[in-house]
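2 protein chains.
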Amino acid sequence: MSKNIPEKVSNRLTLYHSIMVEYLEAGIDTISSPQIAQRLGIDDSQVRKDFKLLNNAGKCRVGYLVKDLKDSIEKTLGFAQAKDAFIVGAGHLGLALAKYDNFNSYGLNILALFDNDPQKVDMLVNNKQIFHISKLPNLVERLGVDIAILTVPRQYAQPVADFLVASKIKYIWNFTPAVLKVPPEVKVWNENIMGSFLQFACKDIIQ
Amino acid sequence: MSKNIPEKVSNRLTLYHSIMVEYLEAGIDTISSPQIAQRLGIDDSQVRKDFKLLNNAGKCRVGYLVKDLKDSIEKTLGFAQAKDAFIVGAGHLGLALAKYDNFNSYGLNILALFDNDPQKVDMLVNNKQIFHISKLPNLVERLGVDIAILTVPRQYAQPVADFLVASKIKYIWNFTPAVLKVPPEVKVWNENIMGSFLQFACKDIIQ
DNA sequence: TTGTTATTGTGAAATAAATCACAAAAATCC
DNA sequence: GGATTTTTGTGATTTATTTCACAATAACAA
Chain A
1 MSKNIPEKVS NRLTLYHSIM VEYLEAGIDT ISSPQIAQRL GIDDSQVRKD FKLLNNAGKC
61 RVGYLVKDLK DSIEKTLGFA QAKDAFIVGA GHLGLALAKY DNFNSYGLNI LALFDNDPQK
121 VDMLVNNKQI FHISKLPNLV ERLGVDIAIL TVPRQYAQPV ADFLVASKIK YIWNFTPAVL
181 KVPPEVKVWN ENIMGSFLQF ACKDIIQ
Chain B
1001 MSKNIPEKVS NRLTLYHSIM VEYLEAGIDT ISSPQIAQRL GIDDSQVRKD FKLLNNAGKC
1061 RVGYLVKDLK DSIEKTLGFA QAKDAFIVGA GHLGLALAKY DNFNSYGLNI LALFDNDPQK
1121 VDMLVNNKQI FHISKLPNLV ERLGVDIAIL TVPRQYAQPV ADFLVASKIK YIWNFTPAVL
1181 KVPPEVKVWN ENIMGSFLQF ACKDIIQ
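Here it is as structure tokens:
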């Protein structure tokens, strides 16, 4: 079902999605590709090509139906098909992600958090319990979770990743700046916060 | 000085940088392109092409000097040339970013945080003071800051962005899911946390 | 009704990025 | 010293992405 959506496209799809949410809230029910393109500073034919991938036809002189677009973006990006995940590391970043209301609407279900700090264990964040990290292997198995969101300090990133691998976690969304070493069957997605911004900052700020 | 480094390249440069930090800590002083490539699951000639942009020659049968590579990545990405910034929104994400030790080493200097919650005002986070948002225009002017990192809840994103624009902020690093409307002279960088991950998650998890 | 205009959809062209393939260099081995 | 191997550097090729250009469509206005 889910085609090969290139990374750049799915990035734009989430931006389109935010605009759809905004338009819906404003009670506007159609939108045109030039409107979207101008808002994002991109080419309007690109917007149309992206929408083509969604199998969502527009209407000449009118544009696209906001509701339909929103739905098909959600379907294409798999918002519908909920995925369960654990947050590993209950520091500020872990807590911020646990509270991030958007995860849920994007189909990512945070079931619990893990930390090794006894002070944090058993606290509730956004209705999700913080467990001691030693409980993780058991809960991975019982709940069939295979995504871990890694938000521990850099120096613990590799040992904790090793522990996740041993616990049969299959996907690691890595928010730490460490480049993890994992066996080939485990997939890591590096959330490279600085990377893209630096390019932006350097291009414009340093001339 | 700073050439046009494409976004994808600067993304990879930060990953290379992390590997260099790790190798330096391990006391290893040379590294080869196939080693790096294998670690990141990319092509080794690409690593070499990226390093070409850094003007950093390697040595046949030996590889590259870790220290030199690290330095030239930092120079190219402008780590050296420190940039000052304010964090706007002292929720968990704002606090997490304020504590993110990596910002500093990447040349981004967080001078202060801003929030409208009187309870938070005057607190210190990682030695940075939280000010009431009303103090922002004055401090922007006095300190000559032109970067704002926006971490407020979605519903406040646009009005706060308007306020930042009126306060003469020139660059907004947008961590909210809202797509901001700003005049053309103000540059917005959308940190699209879900976008890239969804692609990763969908491709592999949903088949 | 008929012209005008805004908008989609899409091939073609241009641009950018990644991969391949291999010569040249230099360390190591025998 | 000469063969072998590892590794760089880089043109050539391939693949992916973006932009351009324009015909087709349908709303709207006179």
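From first to last, the protein sequence lines are chains A and B.
Sequential numbering of the first sequence, starting at 1, is according to my numbering.
Sequential numbering of the second sequence, starting at 1001, is according to my numbering.
Note that CB positions come from ideal geometry on N, CA and C, so glycine has one too.
Fair warning: this is a prediction, and the values are worked out from it, not measured in the lab.
Work out the CA separation of residue j and residue i for me, nearest whole Å.
| i | j | result |
| --- | --- | --- |
| residue 1163 of chain B | residue 1047 of chain B | 42 Å |
| residue 7 of chain A | residue 152 of chain A | 26 Å |
| residue 53 of chain A | residue 75 of chain A | 12 Å |
| residue 81 of chain A | residue 107 of chain A | 6 Å |
| residue 1060 of chain B | residue 148 of chain A | 40 Å |
| residue 1171 of chain B | residue 43 of chain A | 22 Å |
| residue 1093 of chain B | residue 51 of chain A | 32 Å |
| residue 1161 of chain B | residue 1141 of chain B | 17 Å |
| residue 1 of chain A | residue 71 of chain A | For residue 1 of chain A, the predicted structure reports a pLDDT of 38, less than 50, and the residue's modelled location is therefore unreliable. A value from the coordinates is still provided. Each residue's alpha carbon lies about 15 Å from the other. |
| residue 1184 of chain B | residue 56 of chain A | 30 Å |
| residue 121 of chain A | residue 129 of chain A | 8 Å |
| residue 90 of chain A | residue 97 of chain A | 9 Å |
| residue 197 of chain A | residue 1173 of chain B | 8 Å |
| residue 101 of chain A | residue 126 of chain A | 9 Å |
| residue 1030 of chain B | residue 1073 of chain B | 15 Å |
| residue 1068 of chain B | residue 1032 of chain B | 13 Å |
| residue 145 of chain A | residue 124 of chain A | 19 Å |
| residue 189 of chain A | residue 24 of chain A | 32 Å |
| residue 26 of chain A | residue 1143 of chain B | 38 Å |
| residue 1045 of chain B | residue 88 of chain A | 35 Å |
| residue 1193 of chain B | residue 1099 of chain B | 19 Å |
| residue 21 of chain A | residue 1095 of chain B | 27 Å |
| residue 201 of chain A | residue 1079 of chain B | 10 Å |
| residue 1119 of chain B | residue 1034 of chain B | 53 Å |
| residue 1139 of chain B | residue 139 of chain A | 48 Å |
| residue 1206 of chain B | residue 58 of chain A | Low local confidence applies: a pLDDT of 46 at residue 1206 of chain B is under 50, so the model's placement there is unreliable, and no value is given. |
Relative to the C-alpha of residue i, which candidate in the options has its C-alpha closest?
| i | options | result |
| --- | --- | --- |
| residue 150 of chain A | A/86, A/41, A/37 | A/86 |
| residue 191 of chain A | B/1058, B/1004, B/1188, B/1199 | B/1199 |
| residue 168 of chain A | A/122, A/186, A/174 | A/186 |
| residue 65 of chain A | A/184, A/17, A/98, A/188 | A/17 |
| residue 28 of chain A | A/50, A/62, A/13, A/11 | A/62 |
| residue 1009 of chain B | B/1123, B/1077, B/1022 | B/1077 |
| residue 165 of chain A | A/189, A/137, A/143 | A/137 |
| residue 39 of chain A | B/1040, B/1182, B/1030, B/1058 | B/1182 |
| residue 12 of chain A | A/49, A/26, A/99, A/201 | A/49 |
Just confirm the distance between the C-beta atoms of residue i and residue j, as a whole number of angstroms; I'd bet it's less than 8 Å.
| i | j | result |
| --- | --- | --- |
| residue 83 of chain A | residue 109 of chain A | 7 Å |
| residue 195 of chain A | residue 1014 of chain B | 4 Å |
| residue 1249 of chain B | residue 1019 of chain B | Here chain B comprises residues numbered 1001 to 1207, so residue 1249 of chain B is not present and cannot be evaluated. |
Positions along the region 185-201 of chain A whose CB lies within less than 8 Å of some CB in chain B: Answer set for the region 185-201 of chain A: 187, 189, 190, 191, 192, 193, 194, 195, 196, 197, 198, 199, 200, 201.
contact_flag[the region 1133-1147 of chain B, the region 1107-1115 of chain B] where n(CB pairs < 8 Å) is 3 or more: Yes, since at least three Cβ pairs between the region 1133-1147 of chain B and the region 1107-1115 of chain B fall closer than 8 Å, the two stretches touch.
Stretch-stretch touch, CB-based, cutoff 8 Å, three pairs: the region 144-158 of chain A with the region 178-186 of chain A: Segment contact: the region 144-158 of chain A against the region 178-186 of chain A, three or more CB-CB distances shorter than 8 Å; contact assigned.
Chain B contacts made by the region 105-116 of chain A, where a contact means CB separation under 7 Å: Among the residues of the region 105-116 of chain A, those with a Cβ less than 7 Å away from any Cβ of chain B are 106, in the order of the chain.
Interface positions of the region 159-178 of chain A facing chain B (Cβ-Cβ less than 8 Å), listed along the chain: Under the 8 Å Cβ criterion, the region 159-178 of chain A contributes 171, 173, 177, 178.
Residues of the region 1054-1069 of chain B whose Cβ lies closer than 9 Å to any Cβ of chain A, in chain order: So the list is empty, because no residue satisfies the distance condition.
Proximal residues, the region 25-42 of chain A versus chain B, C-beta separation under 8 Å: Closer than 8 Å at the C-beta level to chain B, one finds these residues of the region 25-42 of chain A: 39, 40.
Residues from the region 118-129 of chain A in contact with chain B, defined by Cβ distance under 8 Å: Flagged: no residues at all.
Interfacial residues, the region 73-89 of chain A to chain B, with Cβ spacing under 7 Å: Taking 7 Å as the Cβ-Cβ cut-off against chain B, the residues of the region 73-89 of chain A that qualify are 77, 78, 81, 83.
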